[in-house]
Amino acid sequence: MTGTGLPDFSLDGRVAIVTGGARGIGEAYVRALHAAGASVVVADVLDEPGSALAAELGDRARFEHLDVTDEDGWAAVVAGTLEAFGAVDVLVNNAGIANSAPIEHFTLAKWDAVIGVNLTGTFLGCRAVVPAMKAAGRGSIINVSSVEGLRGSPHLHGYTASKFGVRGLTKGLAVELGPSGIRVNSVHPGFIRTEMTTRIDPDRLDIPLGRPGDPADVAGTIVFLASDASAFTSGAEFVVDGGMVTAIAHR
Numbered sequence: 002m003t004g005t006g007l008p009d010f011s012l013d014g015r016v017a018i019v020t021g022g023a024r025g026i027g028e029a030y031v032r033a034l035h036a037a038g039a040s041v042v043v044a045d046v047l048d049e050p051g052s053a054l055a056a057e058l059g060d061r062a063r064f065e066h067l068d069v070t071d072e073d074g075w076a077a078v079v080a081g082t083l084e085a086f087g088a089v090d091v092l093v094n095n096a097g098i099a100n101s102a103p104i105e106h107f108t109l110a111k112w113d114a115v116i117g118v119n120l121t122g123t124f125l126g127c128r129a130v131v132p133a134m135k136a137a138g139r140g141s142i143i144n145v146s147s148v149e150g151l152r153g154s155p156h157l158h159g160y161t162a163s164k165f166g167v168r169g170l171t172k173g174l175a176v177e178l179g180p181s182g183i184r185v186n187s188v189h190p191g192f193i194r195t196e197m198t199t200r201i202d203p204d205r206l207d208i209p210l211g212r213p214g215d216p217a218d219v220a221g222t223i224v225f226l227a228s229d230a231s232a233f234t235s236g237a238e239f240v241v242d243g244g245m246v247t248a249i250a251h252r
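Encoded structure:
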């Protein structure tokens, strides 16, 4: 809380790493965290847009190439962040992919690819930042799951399993890391307009608020969880879906 008794959403002096931060919903997170005062590391495999975003934001931003499935890559990103900014206060595990097929045609390669990025990548990120956060006695890890981490969906077998896994990993880490001052929460976006969702017709979805989401609709939740406004929040699930998972579909 601030001296006025109001929640403190400021991120002045904080340092955040955002995976998959070069474009789409990850870019919105980067911009929102930066606007709230944080120094932000854009971690992504997309070198050109990631570098351009960091250059646009200026001295409080830098780009780091990262394949989230690469242990050594994670070590390098954390080391580079500590060298550049002196801390790792916030991690947003946002990088993710999706693929789909009926179960009888869902290949092991499809399964391994999506589990590797969405779940193993999240695990590796959490593990990589914990030593720095423990040393500081504080930290906020924000794992981006999905509404598919709350309910079933046909054909998205690897995606759904990975997002349920992210939800479970979050809860276990919240219990384990709480005594070290590290908070761990999951965010569950619904249908958000990004390059990943361009093939989906939002008019076929039952969204009580009557519209698809924009990346900025989720970014406010990310800032809240990164800030001291959520200082007593850990192990929780934040659903940002316009009410979609609450609605009962009618034919």
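Quick note on the numbering used here: the sequence shown kicks off at 2 and runs consecutively.
Note that the Cβ used here is the ideal one computed from N, Cα and C, for glycine as well.
Euclidean distance between Cα positions of Thr70 and Gly6: The count along the sequence shown starts at 1 and reaches residue 70 at position 69. The count along the sequence shown starts at 1 and reaches residue 6 at position 5. Their Cα atoms are separated by approximately 42 Å.
Count the other CB atoms within 10 Å of the CB of Ala36; is the residue buried (16 or more) or exposed (fewer)? Numbered from its first residue, the sequence shown carries residue 36 at position 35. Counting Cβ neighbours within 10 Å, Ala36 comes out exposed, since fewer than 16 surround it.
8 Å contact criterion, which Ala133 and Val89 should meet: CB distance rounded: Start at 1 with the first residue of the sequence shown, and residue 133 comes out as number 132. Start at 1 with the first residue of the sequence shown, and residue 89 comes out as number 88. About 4 Å; that satisfies the 8 Å criterion.
Pair within 9 Å by beta-carbon distance, Lys164 and Asn119: For this step, residue 164 is matched to residue 163 along the sequence shown. For this step, residue 119 is matched to residue 118 along the sequence shown. Taking 9 Å as the Cβ cut-off, Lys164 and Asn119 qualify as a contacting pair.
Do the CB positions of Ala62 and Val78 come within less than 9 Å of each other? For this step, residue 62 is matched to residue 61 along the sequence shown. For this step, residue 78 is matched to residue 77 along the sequence shown. No, these two residues do not count as a Cβ contact at 9 Å.
Quick test of the definition: if touching needs 3 or more C-beta pairs under 8 Å, does the region 45-55 touch the region 232-243? no
Take Gly81 as the anchor and find which of Phe107, Tyr30, Ala99, Ile18 has the nearest alpha-carbon. Numbered from its first residue, the sequence shown carries residue 81 at position 80. With distances taken between Cα atoms, Gly81 lies closest to Ile18.
Of the residues Pro180, Val224, Asn95, Ala110, the one placed nearest Val167, counting alpha carbons only: If you number the sequence shown from 1, residue 167 lands on position 166. Distance check between Val167 and each of Pro180, Val224, Asn95, Ala110 places Asn95 closest, using alpha-carbon atoms only.
In angstroms, rounded to a whole number, what distance separates the CA positions of Ile183 and Gly138? Your numbering for residue 183 matches position 182 in the sequence shown. Your numbering for residue 138 matches position 137 in the sequence shown. In a straight line, the C-alpha of Ile183 is about 7 Å away from that of Gly138.
For Pro103, which residues in the same chain have their Cβ closer than 7 Å to its Cβ, ignoring the five residues on either side in sequence? One-based indexing of the sequence shown puts residue 103 at position 102. If we look at Pro103 and ignore the five residues flanking it on each side, its Cβ neighbours are His156.
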